[in-house]
Each structure stands twice: as C-alpha cells, then as structure tokens.
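Input: a single structure, listed below in structure tokens.
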Amino acid sequence: MIEIGIDLVAIARFESFIQKFGEKGLLKFLNPQEITFIKTAQNAAGFWAAKEACSKALKCGISKELGFHDILISKSPKGAPLLTLKDEKMLYFNVSYLSLSISHDSGFAIAAVIANFNN
6 MIEIGIDLVA IARFESFIQK FGEKGLLKFL NPQEITFIKT AQNAAGFWAA
56 KEACSKALKC GISKELGFHD ILISKSPKGA PLLTLKDEKM LYFNVSYLSL
106 SISHDSGFAI AAVIANFNN
C-alpha cells in the first residue's frame, strides 16, 4: 500500500520564528544533525513541511504516536532530501520506504511524502 502526505507553509512564519526563538526554537522540531542543514528560514520551513507531510502520509498527524523527533531528515550526496523514521517507528507503522520532495517558491515551502508500507 502507498500513501501520500503534503504540507504547505509560509516562509515568513519561520523568519519570525527564528528571529524570536533561534536555535532553541528549531530544536523543538529538529534534531542537532538536521539543524546543520538549516541556513535560512526557507530551509526551516521546508523541513517543517516535510515532517508534517510525513505525519499525514502515515495518517496520524504529529501526535503521541509520532513526534517531530521521530522523523529524520538528511541529504543525499547530491543534496536531495532523504527521509526516514526512528527504527521503532518504521516497525510500528510498518513502513518499508519513504520518499520526500521539498520545494520553495513565492514565499512558500511545500513538501510531499510518499510512504510505502509492507504488506
């Protein structure tokens, strides 16, 4: 079975957020490794959208079942975004593979996640 999740956020929201809370605020939804990829509010908005889109693909939203820190974003050697879950969450949701795409334009960041589930 395959599911998709999509999320769209205003980049300006993250400009204000970073100005107000800085790295401490980013740590509420990113792990320290993910923060190394955040150079701009655009990047932060994209990562937020990615995690929200992932939670939608898994049909649970961000909740007790799946927190922001259970979702892990990294980059491929070519710079493409990669998405996975902590091992225990991959098993819990019976996920075999996650695919992530992030884009930014006209003041918005959008992310789409495809989740492939084991039979």
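One point on numbering: in the working numbering, the residue at position 89 of the sequence shown is 94, and numbering is uninterrupted.
From the three backbone atoms N, C-alpha and C, an ideal C-beta is built for every residue, glycine too.
Everything numeric in this text was worked out from a predicted model, so none of it was measured.
In terms of residue numbering, what span does the beta strand (DSSP E) encompassing residue i cover?
i	result
Gly10	7-15
Leu90	86-90
Asn121	113-122
Ser81	Counting along the chain, Ser81 falls outside any beta strand (DSSP E), and DSSP gives it neither H nor E.
Leu105	100-110
Do residue i and residue j have their CB atoms nearer than 9 Å?
i	j	result
Asn121	Leu103	yes
Ile11	Ala116	yes
Leu63	Glu8	yes
Glu57	Val100	no
Lys69	Phe42	no
Lys61	Val118	yes
Contact check, residue i vs residue j under 8 Å by CB: the rounded distance?
i	j	result
Pro86	Ala55	7 Å
Ile78	Phe52	6 Å
Cys59	Ile76	5 Å
Q: Give, in chain order, every unbroken run of the alpha helix (DSSP H) that is at least 4 residues long and sits entirely within the segment 37-71.
A: Runs found: 37-40, 46-62.
**Q.** Any 3 or more C-beta pairs closer than 8 Å across the segment 46-65 and the segment 14-32
**A.** A contact exists between the segment 46-65 and the segment 14-32.
Q) Looking at C-beta atoms only, is the number of pairs between the segment 85-104 and the segment 25-35 that lie closer than 8 Å three or more? A) By the Cβ rule, the segment 85-104 does not count as touching the segment 25-35, because fewer than three pairs are nearer than 8 Å.
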